[in-house]
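**Student:** Letter 94 of the sequence shown, counting from 1, is numbered 94 in the working numbering, and no numbers are missing.
Sharing a structure below in structure tokens format, with a few things to ask.
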Amino acid sequence: VRIKPTPRTNKFLKERKSAPLESAVPLAQLLKRPELSYGDLQQLEGYGSQLPERVARQVEIQCKYQGYLQRQEAEVKKFKNLEKIHIPSGFDYQDIPGLSNEVRQKLSEVQPTSLGQASRIAGITPAALSILMVYLKRLRDRQIPAQNTTTSNDKQ
1 VRIKPTPRTN KFLKERKSAP LESAVPLAQL LKRPELSYGD LQQLEGYGSQ LPERVARQVE
61 IQCKYQGYLQ RQEAEVKKFK NLEKIHIPSG FDYQDIPGLS NEVRQKLSEV QPTSLGQASR
121 IAGITPAALS ILMVYLKRLR DRQIPAQNTT TSNDKQ
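What follows is the structure in structure tokens.
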């Protein structure tokens, strides 16, 4: 349902200290405004179904926080992907360009087994994780010779 910028609609919005409409917008977009509630929008030209208060509140919460919830879901997905990127046992962090000495030292001491684990080490920055992720990807793709991970058979 799209709400059109009629004089009645804009008067209604101004009364609730909400910006008037300049063009038609989806009802859900109006509901994202903090100063408007589902009940307010039901009064607006009869928009919005008559729902039990508990259900109406859930609809309002979903609309108002949809962007935040999507970002949280993306963060969780990203975190799960970091857990899937494994770091070889005994990995040498000293030769990775771009890492600070502090980050190298912490990674060498803890010896995380995945990027997800490395992300939880105090002092490991998102930038350091990005550098490490790129390096590991290149290592995996064999663009960088594996250091301390070759066997005697690999050297032949």
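Beta carbons are placed, not taken as given, at the ideal position from N, Cα and C, and that holds for glycine.
Among the candidates 8, 60, 55 and 118, whose CA atom is the shortest distance from the CA of residue 27?
**Tutor:** Residue 27 has its Cα closest to that of 60, out of 8, 60, 55 and 118.
**Student:** Which of helix, strand or coil does DSSP assign to residue 120?
**Tutor:** Coil at residue 120, not helix or strand.
**Student:** Could you give the first and the last residue of the continuous alpha helix (DSSP H) run that contains residue 22?
**Tutor:** Segment: none, residue 22 is in no alpha helix (DSSP H) and carries neither H nor E.
**Student:** Jot down the residue ranges of each uninterrupted alpha helix (DSSP H) in the region 36-89, minimum 4 residues, whole runs only, in chain order.
**Tutor:** You should have 38-43 and 53-84.
**Student:** Distance, Cα to Cα, residue 101 vs residue 126?
**Tutor:** One C-alpha to the other measures close to 16 angstroms.
**Student:** Just to confirm the assignment, what range does the alpha helix (DSSP H) spanning residue 9 have?
**Tutor:** Residues 7-15.
**Student:** Pair every Cβ in the region 35-44 with every Cβ in the region 2-15, then say whether three or more of these pairs are closer than 8 angstroms.
**Tutor:** Yes, since at least three Cβ pairs between the region 35-44 and the region 2-15 fall closer than 8 angstroms, the two stretches touch.
**Student:** Nearest by alpha-carbon distance to residue 136: which of 25, 6 and 113 is it?
**Tutor:** The option with the nearest alpha carbon to residue 136 is 113.
**Student:** Rounded to a whole number of angstroms, what is the C-alpha to C-alpha distance between residue 62 and residue 133?
**Tutor:** Taking the straight line from one Cα to the other gives about 34 angstroms.
**Student:** Residue 123: which of 107, 84 and 34 sits nearest, CA to CA?
**Tutor:** With distances taken between Cα atoms, residue 123 lies closest to 107.
**Student:** How many whole angstroms separate the CB atoms of residue 2 and residue 24, which I take to be in contact at a CB cut-off of 8 angstroms?
**Tutor:** The pair is a contact, with the Cβ atoms about 4 angstroms apart (cut-off 8 angstroms).
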